[in-house]
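J.: In the numbering used here, the protein residues as written are 1473 to 1598.
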Amino acid sequence: MVIEYRFIFASLLLLNSGCDKVEAEPPSSTDNVLSTAIEAQVIATHPEVELDRYARFYFHENEDYVIGTYLFANEASEPLEGRAGETYWVAPSDVPMVMDGGCSVFNVRYHLLTETLVSAFCNGDA
């Protein structure tokens, strides 16, 4: 399956920041509400993205934007970081970075002031 191949390829390109697992910050109730709002817009605009198949990592880019990186889990295994179907709030330096990967890595950018999903896209393919 193409998605599984992309996941394997993306997994090989994951850049490790020197630690085995991402250290997630305990989410505040505000962050929980925020991730729920972001994910509702992702589902509305990209229904093909099955959120329960992705580990979802968020961080506050600045006071105006939240960035999200979703890592796909194939049917045989979990993503390299996190667990499928879970949401994590992390420091920007702890977001798993993947070069390429296609739709096994999905990225979002959310504007806090307007409560709008301003971009949502798959990583590129090599």
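Think of the CB as a built atom: it goes at the ideal place given N, C-alpha and C, for glycine as much as any other residue.
Under the three-state reduction of DSSP, which class applies to T1586: helix, strand or coil?
T.: In the sequence shown, the residue the question calls residue 1586 occupies position 114. T1586: coil per DSSP, three-state reduction.
J.: Distance check for Y1560 and F1529, CA to CA, integer angstroms please.
T.: Walking along the sequence shown from the start, residue 1529 turns up at place 57. Walking along the sequence shown from the start, residue 1560 turns up at place 88. Going from the Cα of F1529 to the Cα of Y1560 covers about 5 angstroms.
J.: Per DSSP, N1579 forms a beta bridge with which residues?
T.: Here residue 1579 is taken as the residue at index 107 of the sequence shown, counted from 1. BP columns for N1579 point to T1541, F1593.
J.: Near E1550, which residues of its chain fall below 7 angstroms by C-beta distance, leaving aside the five closest residues on each side in sequence?
T.: Against the sequence shown, residue 1550 aligns to sequence position 78. Taken in chain order, the residues that qualify are A1556.
J.: Nearest to A1590 by alpha carbon, out of V1567, P1564, V1538?
T.: If you number the sequence shown from 1, residue 1590 lands on position 118. Before going further, note that residue 1590 is Val rather than Ala in the sequence given. With distances taken between Cα atoms, V1590 lies closest to V1538.
J.: In the DSSP output, which residue or residues are listed as bridge partners for R1528?
T.: Numbered from 1 along the sequence shown, position 56 holds the residue referred to as residue 1528. Paired residue(s): Y1542, T1559.
J.: Report the residue from T1502, S1500, N1504, D1524 whose alpha carbon sits nearest the alpha carbon of F1578.
T.: Residue numbering aside, residue 1578 sits at position 106 when the sequence shown is read from its first letter. Here the closest residue by C-alpha is D1524.
J.: List the DSSP bridge partners of M1626.
T.: Any property of residue 1626 remains undetermined from this structure, which presents the chain solely from 1473 to 1598.
J.: Would you mind reading off the limits of the alpha helix (DSSP H) that contains S1507?
T.: Sequence index remark: in the sequence shown, residue 1507 carries index 35 (1-based). From DSSP, the alpha helix (DSSP H) with S1507 extends over 1501 to 1517.
J.: In whole angstroms, what is the alpha-carbon distance linking Y1542 and E1587?
T.: Reading the sequence shown from its first residue, position 70 is the one you call residue 1542. Reading the sequence shown from its first residue, position 115 is the one you call residue 1587. For Y1542 and E1587, the distance between alpha carbons rounds to 19 angstroms.
J.: Can you find the residues in the same chain that come closer than 8 angstroms, C-beta to C-beta, to I1515, ignoring five residues on each side of it along the sequence?
T.: For the purposes of this step, residue 1515 is taken as residue 43 along the sequence shown, with counting starting at 1. If we look at I1515 and ignore the five residues flanking it on each side, its Cβ neighbours are V1521, L1523.
J.: Should R1525 be counted as a contact of the ligand COA given a C-beta to heavy atom distance under 6 angstroms?
T.: Looking at this structure, you won't find the ligand COA or any other ligand, since it has none at all.
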